[in-house]
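2 protein chains.
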Amino acid sequence: MTGMFDLGLERGPANHQPMTPIRFLERAALVWPDHTAIIHGRIRRSYAEFWTRARRLASALASAGIGKGDTVSVMLANTPEMIECHFGVPMCGAVLHTINTRLDAAAVAFQLDHGDAKLVIVDREFSAVMAEALALAEVAPQVIDVDDSEYPADAATPQGRAIGRTDYEAFLASGDPAFDWLPPQDEWDAIALNYTSGTTGNPKGAVYHHRGATLMAYSNTVHAALGRHPVYLWTLPMFHCNGWCFPWTLALTGGTHVCLRWVRAGAIYEALADHKVTHLCGAPIVMQGLINASGEERRELPHAVNFNTAGAPPPASVIDGIEAMGFVVNHIYGLTETYGPSVVNEWKGDWDGKDRTERAELKSRQGVRYLPLDELAVLDPETMQPVPADGETLGEVMFRGNIVMKGYLKNPRATEEAFAGGWFHSGDLGVMHPDGYVQLKDRSKDIIISGGENISSIEVENVIFAHPAVMLAAVIAHPHPKWGETPVAYVELKPGAEAGKQDIIGWARQHLAHYKCPTDVVFCEIPRTSTGKLQKFRLREMAKGG
Amino acid sequence: MTGMFDLGLERGPANHQPMTPIRFLERAALVWPDHTAIIHGRIRRSYAEFWTRARRLASALASAGIGKGDTVSVMLANTPEMIECHFGVPMCGAVLHTINTRLDAAAVAFQLDHGDAKLVIVDREFSAVMAEALALAEVAPQVIDVDDSEYPADAATPQGRAIGRTDYEAFLASGDPAFDWLPPQDEWDAIALNYTSGTTGNPKGAVYHHRGATLMAYSNTVHAALGRHPVYLWTLPMFHCNGWCFPWTLALTGGTHVCLRWVRAGAIYEALADHKVTHLCGAPIVMQGLINASGEERRELPHAVNFNTAGAPPPASVIDGIEAMGFVVNHIYGLTETYGPSVVNEWKGDWDGKDRTERAELKSRQGVRYLPLDELAVLDPETMQPVPADGETLGEVMFRGNIVMKGYLKNPRATEEAFAGGWFHSGDLGVMHPDGYVQLKDRSKDIIISGGENISSIEVENVIFAHPAVMLAAVIAHPHPKWGETPVAYVELKPGAEAGKQDIIGWARQHLAHYKCPTDVVFCEIPRTSTGKLQKFRLREMAKGG
Numbered sequence: 146m147t148g149m150f151d152l153g154l155e156r157g158p159a160n161h162q163p164m165t166p167i168r169f170l171e172r173a174a175l176v177w178p179d180h181t182a183i184i185h186g187r188i189r190r191s192y193a194e195f196w197t198r199a200r201r202l203a204s205a206l207a208s209a210g211i212g213k214g215d216t217v218s219v220m221l222a223n224t225p226e227m228i229e230c231h232f233g234v235p236m237c238g239a240v241l242h243t244i245n246t247r248l249d250a251a252a253v254a255f256q257l258d259h260g261d262a263k264l265v266i267v268d269r270e271f272s273a274v275m276a277e278a279l280a281l282a283e284v285a286p287q288v289i290d291v292d293d294s295e296y297p298a299d300a301a302t303p304q305g306r307a308i309g310r311t312d313y314e315a316f317l318a319s320g321d322p323a324f325d326w327l328p329p330q331d332e333w334d335a336i337a338l339n340y341t342s343g344t345t346g347n348p349k350g351a352v353y354h355h356r357g358a359t360l361m362a363y364s365n366t367v368h369a370a371l372g373r374h375p376v377y378l379w380t381l382p383m384f385h386c387n388g389w390c391f392p393w394t395l396a397l398t399g400g401t402h403v404c405l406r407w408v409r410a411g412a413i414y415e416a417l418a419d420h421k422v423t424h425l426c427g428a429p430i431v432m433q434g435l436i437n438a439s440g441e442e443r444r445e446l447p448h449a450v451n452f453n454t455a456g457a458p459p460p461a462s463v464i465d466g467i468e469a470m471g472f473v474v475n476h477i478y479g480l481t482e483t484y485g486p487s488v489v490n491e492w493k494g495d496w497d498g499k500d501r502t503e504r505a506e507l508k509s510r511q512g513v514r515y516l517p518l519d520e521l522a523v524l525d526p527e528t529m530q531p532v533p534a535d536g537e538t539l540g541e542v543m544f545r546g547n548i549v550m551k552g553y554l555k556n557p558r559a560t561e562e563a564f565a566g567g568w569f570h571s572g573d574l575g576v577m578h579p580d581g582y583v584q585l586k587d588r589s590k591d592i593i594i595s596g597g598e599n600i601s602s603i604e605v606e607n608v609i610f611a612h613p614a615v616m617l618a619a620v621i622a623h624p625h626p627k628w629g630e631t632p633v634a635y636v637e638l639k640p641g642a643e644a645g646k647q648d649i650i651g652w653a654r655q656h657l658a659h660y661k662c663p664t665d666v667v668f669c670e671i672p673r674t675s676t677g678k679l680q681k682f683r684l685r686e687m688a689k690g691g
Numbered sequence: 146m147t148g149m150f151d152l153g154l155e156r157g158p159a160n161h162q163p164m165t166p167i168r169f170l171e172r173a174a175l176v177w178p179d180h181t182a183i184i185h186g187r188i189r190r191s192y193a194e195f196w197t198r199a200r201r202l203a204s205a206l207a208s209a210g211i212g213k214g215d216t217v218s219v220m221l222a223n224t225p226e227m228i229e230c231h232f233g234v235p236m237c238g239a240v241l242h243t244i245n246t247r248l249d250a251a252a253v254a255f256q257l258d259h260g261d262a263k264l265v266i267v268d269r270e271f272s273a274v275m276a277e278a279l280a281l282a283e284v285a286p287q288v289i290d291v292d293d294s295e296y297p298a299d300a301a302t303p304q305g306r307a308i309g310r311t312d313y314e315a316f317l318a319s320g321d322p323a324f325d326w327l328p329p330q331d332e333w334d335a336i337a338l339n340y341t342s343g344t345t346g347n348p349k350g351a352v353y354h355h356r357g358a359t360l361m362a363y364s365n366t367v368h369a370a371l372g373r374h375p376v377y378l379w380t381l382p383m384f385h386c387n388g389w390c391f392p393w394t395l396a397l398t399g400g401t402h403v404c405l406r407w408v409r410a411g412a413i414y415e416a417l418a419d420h421k422v423t424h425l426c427g428a429p430i431v432m433q434g435l436i437n438a439s440g441e442e443r444r445e446l447p448h449a450v451n452f453n454t455a456g457a458p459p460p461a462s463v464i465d466g467i468e469a470m471g472f473v474v475n476h477i478y479g480l481t482e483t484y485g486p487s488v489v490n491e492w493k494g495d496w497d498g499k500d501r502t503e504r505a506e507l508k509s510r511q512g513v514r515y516l517p518l519d520e521l522a523v524l525d526p527e528t529m530q531p532v533p534a535d536g537e538t539l540g541e542v543m544f545r546g547n548i549v550m551k552g553y554l555k556n557p558r559a560t561e562e563a564f565a566g567g568w569f570h571s572g573d574l575g576v577m578h579p580d581g582y583v584q585l586k587d588r589s590k591d592i593i594i595s596g597g598e599n600i601s602s603i604e605v606e607n608v609i610f611a612h613p614a615v616m617l618a619a620v621i622a623h624p625h626p627k628w629g630e631t632p633v634a635y636v637e638l639k640p641g642a643e644a645g646k647q648d649i650i651g652w653a654r655q656h657l658a659h660y661k662c663p664t665d666v667v668f669c670e671i672p673r674t675s676t677g678k679l680q681k682f683r684l685r686e687m688a689k690g691g
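So the sequences go chain by chain: A and B.
Residues 146 to 691, numbered by this note's numbering, are exactly what the first sequence covers, in order.
Residues 146 to 691, numbered by this note's numbering, are exactly what the second sequence covers, in order.
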C-alpha cells in the first residue's frame, strides 16, 4: 500500500543520485583549484591538475576499450599514479583492482585471472614480477608502465625494464582533459576489488561499492579528525583496502597527499617535518619503527601528528612510546571486507586523567562502530545471540551496515558463509566490555600478521608440505621484535628423510614471497586430534613454554 | 545483463541498511552516555537519558496508535521536547510535522488537515492558537500538552491552559524505555514534513527522507566545522527546516544542545558565556540584534564563536560588524526544499589577506554546493543551459542531489513543476562567478525592471543597509508611469538615529548607478517572518493598499 508520503514522491534525477566519492574530487577542483593536492619528490600538483589528470586517465582508459564493470589491475607504490587510479578508473565505469606489491608471480597471476584483468598498470619497481605473472596468467591484459620520475637513481633496487605497450604519462596525454566522466548508474556498482589473504585456499576478492566508499569518506573525516586541508602522509599501502579509503576521503576536505614509496623511519620523519604533515596511518610496526629510529633519522615534529593505527592490536608499550613523542594515536579496527576500519576506539575526555598504563590499556581496545556501520556485535556464532557484555565471554565479532563489502567475487559459497544469518562474520574472536566497547582476544585463529600484512598459515604450510622430505607441517606466529609476528614452521619429516632448517626456508623462498617465509623451523612431532586435525593451540603453548 | 561484479552480490541485511539519523543518537548514547546532551534552564540531560526518553516517546506514540507513515504535528519552542520529537517520532515510524509557532489558527488548521495530523504535541505558550486551530480543522488528532518547567513565572506572555488529553511528561512516563524502535524500511521513507511559507496560495508541504537527513548530518558536521562535542545554541527555530537538520547533526558528534525559548540578544550573550557555546545558527537579523545590543546585554565571548547564517543574503556591513566582535561567520544558503542549507560559502585561506570590505563582499556570495549535493547550477530556465560564468548573466539557481526533498505532499503538480527537467528550481535568481561561486541577485518575483533594466533589490538593499542610521531595509518595485517600475526603499532606522528621505536617496546615489536608486523612501517597521526573512509581499500589499 502506498501511503501519502510516497504517492507521487518517487525518486527522480533532481532528488536522487547515486552516491560516489568521485563527486568529492570534482568539488575540490572547483572549490580549491590552486590548493596542493599531491606532493611527490619534486612534484606538486594542484586540485585542478589532479582532476584534469583523472579525467585524462578515464578518457584514455575508455579509448582503450575499458568500460563499465571491467577490471583495471594496478601494481603500484604509493605514488601519484596510484591516487589518480582511485578516481580515473571508476570514472570510466571500471573497477580498480589493487595488487599487493609483495606478492610473488603465481599469486599475482591468480588474481589477474580471477579478477579478469582487462588492463594492467604497473610501476617499474614491480615489472619483473608482473612480467612473470603475465606469462603465467591466462588473461592477456593491455599493460601500461609507470616510470616514476622521482625514483632515486641510487636506489638499492633499481627499476625494472618497461614491459607495457606504452608509458603512463603518454597514455594520460592521449586522454581528453574535458572527458565527460561516467557516474555510477547505481551506488551499489562496484568501485574496487581487494583480495584478502584468506586463511584457507585461494584468496577471496572483496568487492567494494560506491555507496560504501562515499560513506567511508565522510566517516574517516570525522573519526580521524581531519579538519580542513589536512596534510596526509602515505605510510599505509594504498593496495591495502584502498588505503582505508583515504584516497577518496582527502578529496572531501581538500587535503594534501604526501607520497612515499618506501616506509622508512628517516623518510617519514623528513616528510613530517618538511611538509607539516598532520595525519598518517599505519600498522603498529610503523609506530615501532618511529620509536626505534636513530638520532640521525629523527626530526622534530611540526605539531601534534595524528597517527591512525590498525592491522594488529597495538601493544600498550608502543602506544605509550609514540604518544610520549608527540603523536596522537587513534586506534581503529576492521577487515578487508569492511573497507578497512569500521570500528574506532572513541576516546573519552575523562580518560585523559587516567595513568599512562591504564590509558594505553583503554586505547588497545578496538572500540565502537564507525558512524555508517549500523551494528557491531559479539555474537555466539552458533546461536547468533550476543554474548554477555562482561569483558570476558568470547564470541565472534560481527558487523552489519553500509560499509560492508558487496561480497566475494565469483565465490557465492564464501559470500553466503560470510553473511550467514544477516551478519558479516569477521572470524575474529572478541569480548564485549560492559561499556559497549569491543576488544579482540584472538585474531582469527591462524592468521599471522607480519609487518601489517596478513599471512595465511595454510598457504605457507601448503608450500612446505610440498617439500619432498616433509610429512607434516604446521605454521604459527611467533612474536618478533620488528615485524610484530613472523611465521615459524613446525615440521615432521618423512621416515628416513633428511632436511635442515635452511633447506626448508630455502624451499619456501623459491615458492613464496619472502615476507611469507618462515623465519625458523622446529622439527618435532606435531600434536593432532584423534581425527588427525592439527592442534595449533598446542604448538602455541609449546612456543610460549620456551 | 548482470556482470561478474553484480552476480551473487546483491544487497542483504549484512551489507545494506537504510540510512537514518536515528543511528547517530543510538551510537551517541552508547559511546558518550554521561555527556551532557541537552541544557535547558536548570535541566541537564545526558545522552543516556536523551536516548531513553526518545525510546519512551516512540513507545508511547506506538501505544497511542501512531505508526508508519502517520503524521505527528508539533507546535513547540526550542525546548528539549522539540529535540526529542526529532528522534522519538520517526522511531515509531511516524513523520514529524513542525509548525511555525507564529502562524495564526487558520494557517495551523490548514496544515493539520493537509498533513492529516494524527497526534499533536503543543507547548502551552501556543495552546490558545492550537485550540482555535483544532476547532477549525476537520481532523481530530489526539493532543499532548508540553508544560515547560523552565517557563519563566514572570514572562510577559504567560502560558496558556492545557488543552490535551495528557501532559507530555506523563505521556513519556507511560512509554517503555527499552522500546524496540522501528528503523525505516527504506531510507527513502519520510522523516519530516515542513510547510513552506509560500507567498502565493496555500503553503506547500516539503517531505524529507531519512537518506537526506543522514547526509545533512554528515555534511553539516564538516561545513560548520563542528568538531567533537560542540556546544550549540538554539537561536534558529527548529520548526524551520528542522533547524537545518542540526537536531540530528549534533548526535553525530556528541554535541550539547543549549535550548532557548525566545531569541533575544541578552539571553544569547548570557548563554554564549555561561555554557561556552561554540556554534549557533540564524538569519542576519540575529547578528544585527547582537551588534545593536546594549552594553548591559553584552557579555564577553568565551572564545571565537561560529555563526552559521542563511535565510537572507547577509549585508556586508553586518558581516563586517559581527566578525569584528569575535564571531566567525559561515554563510550558507538553501531552501525549505533542500533541508535548509545546501550551498556554502567555502572560505579560502588566501581571502584572509584581503581588506575588510573585500572580505565581506566575498562572504556575501552564496558559494558552492554542499558535499552531498551532486550539482548546483545557474541555468536559463527556458533552455535549461548554464548561463556564462561571468558574474553578470542572470539565471535561475537550480539543485540536484540527495539533499533535495521527496516532493510536495499531495501536490503532484507543484512537485512536477519544481522538478521540471530533472532539476529542483529554486525560484532564486543568481549569477555564476568565474570561480564557480554562485551569488543570488534576487528572488525571481522580487526583481525590479526599470526602463527595461533588471535591478537587483538585494544590491540596492545592501547599499542602504550600509548607511549608518539604517537598521533594516527592504526594496520593492513600485509602478511608474515612465519607467514601468522603480525601486522604493522601506527603511527601519536604528533606535535614536535620524535620517530623512533625501539622506537615504543621496547616499544611494553615491554608491549606485542612478537608475538603481530608490525614487522614494518609506520609514516604517518592516514585516518579517519568524526566522527573520523580510516579507516583501506584505510591503507590496501595503503599497497597493495605500
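Where a beta carbon is used, it is the ideal one built from N, C-alpha and C, also for glycine.
field: Partner residues on chain B for M432 of chain A, Cβ-Cβ distance less than 9 Å
entry: Near M432 of chain A there are no residues of chain B at all, since even the closest Cβ is about 23 Å away, more than 9 Å.
task: Grab the span of the alpha helix (DSSP H) containing K590 of chain B for me, first residue to last.
output: For K590 of chain B, no alpha helix (DSSP H) run applies, since DSSP gives it neither H nor E.
- prompt: How about L579 of chain A: is its C-beta nearer than 7 Å to some C-beta of chain B?
  reply: The sequence as given places Pro at residue 579 of chain A; Leu does not occur at that position. Among the residues facing chain B, P579 of chain A is not included, as its CB has no counterpart in that chain under 7 Å away.
task: Tell me, please, which residues DSSP counts as bridged to L264 of chain B.
output: According to DSSP, residue pairing for L264 of chain B in a beta bridge involves B:V217, B:Q287.
task: Specify whether the region 564–584 of chain A and the region 412–429 of chain A touch according to this definition: at least 3 beta carbon pairs, one from each stretch, less than 8 Å apart.
output: Segments in contact, no.
field: Short-range partners of chain A found in the region 516–546 of chain B, where Cβ spacing is below 7 Å
entry: Correct list: L516, D519, R545, G546.
- request: Counting only the same chain and skipping the five closest in sequence on each side, list residues whose C-beta sits under 8 Å from that of K555 of chain B.
  value: Residues of the same chain with a CB within less than 8 Å of the CB of K555 of chain B, apart from the 5 flanking positions on each side, are H259, G350 in chain order.
Minimum length 3: unbroken beta strand (DSSP E) runs contained in the region 595–665 of chain A: As far as the region 595–665 of chain A is concerned, its whole beta strand (DSSP E) runs of at least 3 residues are 598–600, 615–625, 629–638.
message: Distance check for T483 of chain B and T344 of chain A, CA to CA, integer angstroms please.
response: Low confidence applies here, because T344 of chain A scores a pLDDT of 45, under 50, leaving its location unreliable; read the following figure in that light. Using only the alpha carbons, I get a separation of about 48 Å.
- prompt: Three or more C-beta pairs closer than 8 Å, one from the region 354–363 of chain B and one from the region 321–336 of chain B: is that the case here?
  reply: Because the criterion of three Cβ pairs below 8 Å is met, the region 354–363 of chain B and the region 321–336 of chain B touch.
- prompt: Going by C-alpha distance, which of A:E643, A:R201, A:K263 is nearest T210 of chain A?
  reply: The identity of residue 210 of chain A in the sequence shown is Gly, whereas the question assumes Thr. The shortest Cα separation from G210 of chain A among A:E643, A:R201, A:K263 belongs to A:K263.
message: Using 7 Å as the threshold, is the C-beta distance between Q304 of chain A and Y296 of chain A below it?
response: Contact check for Q304 of chain A against Y296 of chain A passes: the beta carbons are separated by less than 7 Å.
message: Here's the rule: buried if 16 or more other CB atoms are within 10 angstroms of the residue's CB, otherwise exposed. What is F668 of chain B?
response: By the beta-carbon neighbour count (other beta carbons within 10 angstroms, threshold 16), F668 of chain B is exposed.
- request: Indicate whether G466 of chain A and E442 of chain A have their beta-carbon atoms separated by less than 7 Å.
  value: Result no, Cβ atoms of G466 of chain A and E442 of chain A do not sit closer than 7 Å.
query: Where does the unbroken alpha helix (DSSP H) through Y478 of chain A begin, and where does it stop?
result: Run containing Y478 of chain A: none in the alpha helix (DSSP H); it sits in the beta strand (DSSP E), 472–480.
- prompt: DSSP on R510 of chain A, reduced to helix/strand/coil?
  reply: Residue state, collapsed to three classes: coil.
message: Using the Cβ count rule (16 or more neighbours within 10 Å means buried), how would you classify V523 of chain B?
response: By the 10 Å Cβ count, V523 of chain B comes out buried.
message: Quick check on the DSSP output: the beta strand (DSSP E) that includes A337 of chain B runs from which residue to which?
response: Residue range 335–340 is occupied by the beta strand (DSSP E) that includes A337 of chain B.
message: Please report whether the beta-carbon of Y363 of chain A lies at a distance below 7 Å from any beta-carbon of chain B.
response: Chain B, which has a Cβ nearer than 7 Å to the Cβ of Y363 of chain A, makes this yes.
Members of the region 222–250 of chain B that neighbour chain A once the beta carbon cut-off is set at 9 Å: Going along the region 222–250 of chain B in chain order, one finds V240 with a Cβ nearer than 9 Å to chain A.
query: Using CA coordinates, which residue listed in B:A644, B:L657, B:A622, B:V666 is at the minimum distance from E686 of chain B?
result: Sorting B:A644, B:L657, B:A622, B:V666 by C-alpha distance to the C-alpha of E686 of chain B places B:A622 at the top.
- request: Kindly identify the DSSP beta-bridge partner or partners of L417 of chain A.
  value: Beta-bridge pairing links L417 of chain A to no other residue.
query: On the premise that S571 of chain B lies in contact with E541 of chain B, defined as a C-beta separation below 8 Å, what is that separation, rounded to the nearest angstrom?
result: 7 Å between Cβ atoms; contact.
- prompt: Helix, strand or coil for E226 of chain A per DSSP?
  reply: E226 of chain A falls in the helix class under three-state DSSP.
task: Determine the chain A residues that contact E491 of chain B at a beta-carbon separation under 7 Å, and present them in chain order.
output: Per Cβ cutoff of 7 Å: V176.
- request: Grab me the residues of L585 of chain B's own chain with a C-beta within less than 6 Å of its C-beta, minus the 5 sequence neighbours each way, in chain order.
  value: P458, Q511, D573, G575, listed in sequence order.
query: If we ignore side chains and look at the alpha-carbon of each, how far apart do G233 of chain A and A199 of chain A end up?
result: Distance between the alpha carbons of G233 of chain A and A199 of chain A is about 4 Å.
query: Can you find a heavy atom of the ligand PLP that lies under 6 Å from the Cβ of C230 of chain A?
result: Looking for the ligand PLP in the displayed structure turns up nothing, as the structure carries no ligands at all.
query: Exposed or buried, H448 of chain B, counting other C-beta atoms within 10 Å across all chains shown (16 or more means buried)?
result: Its Cβ having fewer than 16 others within 10 Å, H448 of chain B is exposed.
query: Of all Cβ atoms in chain B, is any one closer than 7 Å to the Cβ of K555 of chain A?
result: Closer than 7 Å: yes.
Under 7 Å by beta carbon: chain B residues contacting H161 of chain A: Per Cβ cutoff of 7 Å: N547.
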